[in-house]
Every structure is written in C-alpha cells, then in structure tokens.
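S.K.: Residue numbers for the sequence shown follow UniProt numbering, beginning at 7 and rising by one. Virtual Cβ for every residue (Gly too), placed ideally from N, Cα, C. A quick note: this is a predicted structure, and the numbers were derived from the prediction, not measured.
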Amino acid sequence: PIVLGIETSCDETGVGIVRGHTLLANTVASSMDEHARFGGVVPEVASRAHLEAMTPTVEGALTAAGLRFSDIDAVAVTAGPGLAGALLVGVAAAKAYALGLGVPLYGVNHLAAHVAVDQLEHGPLPKPSVALLVSGGHSSLLLVPDVAQDVISLGSTVDDAAGEAFDKVARVLGLPFPGGPHIDRAAREGSGAAVAFPRGKYDDGTLDFSFSGLKTAVARWVEAREAAGETVPVADVAASFQEAVVDVLTRKALQACARYDVKDLLIGGGVAANSRLRAMAQERCDAAGVRLRVPRPGLCTDNGAMVAALGANLVAAGVRPSTLDIPADSSLPITVVNV
Ligand code: ATP
Ligand code: MG
Ligand code: FE
C-alpha cells in the first residue's frame, strides 16, 4: 500500500510517501529560520508556519513521487508527542485528507516513527532490536520487539535530552541554534580529550541518562576562561563536550544490548545525525558483536517519511485504523505506538 505521512510536531512540516518499505518522497519545509533569532522554537510561530506550508508540502511530495491523490491508500500523521498547536495542524490536515480520499487514518507516535524510519534505508527492523532514541526533546533506550505493536522503555534521561544539551552548550559557545550540527562541525577541528567533562550516571547500573550536570560543567568552564580574559578554545570544548555525551550514550546502549541479549542496535532521532556518535557506536558495536543500524542524517531529523514508514507497518500488521476524532496528544508516552 502507498502511505502518505504528515509530521508537524515541532518546526518541520514534513510530508513523506512510502510504498511498503520503499521511500517515494520526503518533502520538508522548516520554519527554523523564523525561530533562530529567539534561540528556540516559538510554538505560535511554528503552528502558523505549518498552516501555510501544509498544502504546498503535500503537493510537493506527490509531485516528487510522481503520484496523484487517488494513488494514496492510507494517511498517517504524528499524533504526539510535540507542541500541541503544531500537532493540531497536522492532525486536522490528515483527517481532512483521509476523509476526502476515503482512506484509513493512522495517528502515530513521533518517537516510534523515529525508530521505524530506518526500514526505508536498511529493510525490516530485526525483532527484537534495542533502539537508542536521541532527539531535541527525548533521550531513551527502548526494547523494540515490534515497532508496529510493542515498544518498551528501558531507561531515559532524568533531566535534559541529549539534543537539548547540544543546543544549550552551543549557545554558551556562541554557536547558532539549533546547535547540534554546529557543535558537530566545530568539534572536527578540536580534541575530544582536551577537557575531561563529567559523564553523568556513567556507572550507576541503570539505563538512564543525565546531561544537565555536563551542560553546567561546560558553562562553568567557559565562564572561568572568560573571567580570566582568556580566549575560549571553542573547537576543543565542543569536541570534549560531544565526547562526553557520545561516550555515555554508546556505553549505555551496549549495556542494554548485553542485558537483554539483543544483537541489533538502532539509533534514531536528530542527534543520531552526529558524526562522532555514529563513529563511536560503530566501533563499540563491532567490539561487542552487535549489528548497528543508523539511518542517513536526512532521515534522523524530523520528516514525514518516518511517519509514513510507521503507518505502512501498521497497515501491514493489520492494525485497526484511528477514528476521525483522535486528539493531538502533546505528551503521548513512548510506549503508545498508535492512537
Ligand atoms: P523530539 O523528536 O524529541 O520531539 P525534535 O523533533 O525537536 O524532538 P529532532 O528533529 O528529532 O528533535 O532532533 C533535533 C535535535 O537534534 C536538535 O537538538 C539538534 O541540535 C540535534 N541535532 C541535529 N543534528 C545534530 C548533529 N549533527 N549532532 C548533534 N545533534 C544534532
Ligand atoms: Mg526540528
Ligand atoms: Fe523528532
């Protein structure tokens, strides 16, 4: 079946089209330029931008796929979690398309979609897999027996998300928002061993994370240099901060694989685009005999194809479609795959 996926949980208006595990189109319009000067996404601005971008983005995806509305067999949409007003725009649009086209609607979990997207690149997800989900709002380790049916939380951050830490440290270093890609780039010129920043919850035996202590340590370190009138070695600080985050993420991900005797690790979410995370994860997976799957960077950050991918799984699994009265749920738990 051909599934149209709509994503509006944050600042990206994403529309993707898939046929089974095949990606046909992935069109993304972002309102990030409008938010950058505020140093964060402004919900009302995002909602308005989704309204303006929705119709052209859907039409752009259809054109890119060489399809017409009548070719669409099902519509999937992010029902949560995310910004309430932003989600509402996508959910309302998806209901209208499903009703107008006379096809089933699937309201899906944005976080499960970050996991499901990898099937578009590397084929069906091994069952079970462990998934490390690292994004702007979430950092979790998941046991995924079947992404269409069952996602189990093994641990998560007790304070900041990994992407949030990247964004906050970037601000401290005077790098633009969102900071993840800028830290990634700056770090290539620096040394990850330059400063020994703290690694929260490193040996605590849980599969949880903590990044706020690290963020504060970086801010203190930078403030001290500035107070002493020294120039801040931005590349070294970026690389050392990134090394600390990536060390903890990969360590706990492999602990999860070992603890649950799972041989397949998937990394998803915007932070999975990070080059150091991808490299260290590969090294540690090789050493542990674990197969690693990470989607290409364009599929890691928010997009509509991930929503369509999960929708296609639900269709294939024979899961009952959503009703046309489903709400947008800004705090939809990770364990609820579809509504
Ligand atoms: P969530 O998925 O939790 O609702 P979100 O949708 O805002 O949050 P994503 O789009 O999945 O998050 O990811 C955005 C985050 O990824 C931002 O914090 C951004 O800084 C981070 N990010 C993007 N590219 C990189 C990179 N190369 N290195 C590190 N972080 C990155
Ligand atoms: Mg985004
Ligand atoms: Fe996301």
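At a cut-off of 7 Å, would you count Gly275 as near the ligand FE, judging by its Cβ distance to the nearest heavy atom?
M.R.: Yes; taking the cut-off as 7 Å, the Cβ of Gly275 has a heavy atom of the ligand FE nearer than that.
S.K.: At a cut-off of 7 Å, would you count Asp173 as near the ligand FE, judging by its Cβ distance to the nearest heavy atom?
M.R.: No.
S.K.: Can you give, in chain order, each stretch of the alpha helix (DSSP H) that sits fully within the segment 199-286 and has at least 4 residues?
M.R.: Counting whole runs of 4 or more residues, the segment 199-286 contains the alpha helix (DSSP H) stretches 218-233 and 240-265.
S.K.: When you compare the CB positions of Val114 and Val343, do they come within less than 8 Å of one another, or not?
M.R.: Going by C-beta atoms, Val114 is nearer than 8 Å to Val343.
S.K.: Let me check understanding here. Comparing Cα to Cα, which of Asn32, Asp166, Glu65 and Thr84 lies closest to Asp335?
M.R.: Measuring from the Cα of Asp335, the nearest candidate turns out to be Thr84.
S.K.: Would you kindly check if the distance between the Cβ of Asp242 and the Cβ of Val201 is under 8 Å?
M.R.: Their beta carbons are under 8 Å apart, which means Val201 touches Asp242 by this criterion.
S.K.: Expressed to the nearest angstrom, what Euclidean distance is found between the alpha-carbon atoms of Val238 and His188?
M.R.: Approximately 16 Å between the Cα atoms of the pair.
S.K.: Rounded to whole angstroms, how far is the Cβ of Ala104 from the Cβ of Val81, which I believe are closer than 8 Å?
M.R.: Their Cβ separation, rounded to whole angstroms, is 4 Å, which keeps Ala104 and Val81 in contact under 8 Å.
S.K.: Go through its chain and collect everything with a Cβ distance to Met286's Cβ below 6 Å, but skip five positions before and after it.
M.R.: Only Val252 and Thr256 meet the Cβ criterion.
S.K.: Considering Cα atoms alone, identify which of Ala225, Ile23 and Gly143 is closest to Gly310.
M.R.: Nearest C-alpha to Gly310: Ile23.
S.K.: Do you know whose CA, among Gly26, Met60 and Leu29, lies nearest Ile12's CA?
M.R.: Ile12 has its Cα closest to that of Met60, out of Gly26, Met60 and Leu29.
S.K.: Does DSSP put Leu160 in a helix, in a strand, or in coil?
M.R.: Strand, per DSSP.
S.K.: Per DSSP, Asp152 is paired with what?
M.R.: Its beta-bridge partners are Asp156.
S.K.: Could I get the ranges of all uninterrupted alpha helix (DSSP H) runs contained in the segment 16-97, with 4 residues as the minimum, in chain order?
M.R.: You should have 38-42 and 49-71.
S.K.: Have a look at Gly91, Asp79, Ala199 and Asp209 and flag the residue whose alpha-carbon is nearest the alpha-carbon of Gly106.
M.R.: With distances taken between Cα atoms, Gly106 lies closest to Asp79.
S.K.: Assuming Leu283 contacts Leu131 (C-beta within less than 8 Å), just tell me the rounded distance between them.
M.R.: The Cβ separation is near 19 Å, so there is no contact.
S.K.: Entirely within the segment 110-143 and at least 4 residues each: give me those alpha helix (DSSP H) ranges in chain order.
M.R.: Counting whole runs of 4 or more residues, the segment 110-143 contains the alpha helix (DSSP H) stretches 116-122 and 125-128.
S.K.: Work out the CA separation of Ser159 and Ser146 for me, nearest whole Å.
M.R.: Whole-angstrom Cα-Cα distance: 7 Å.
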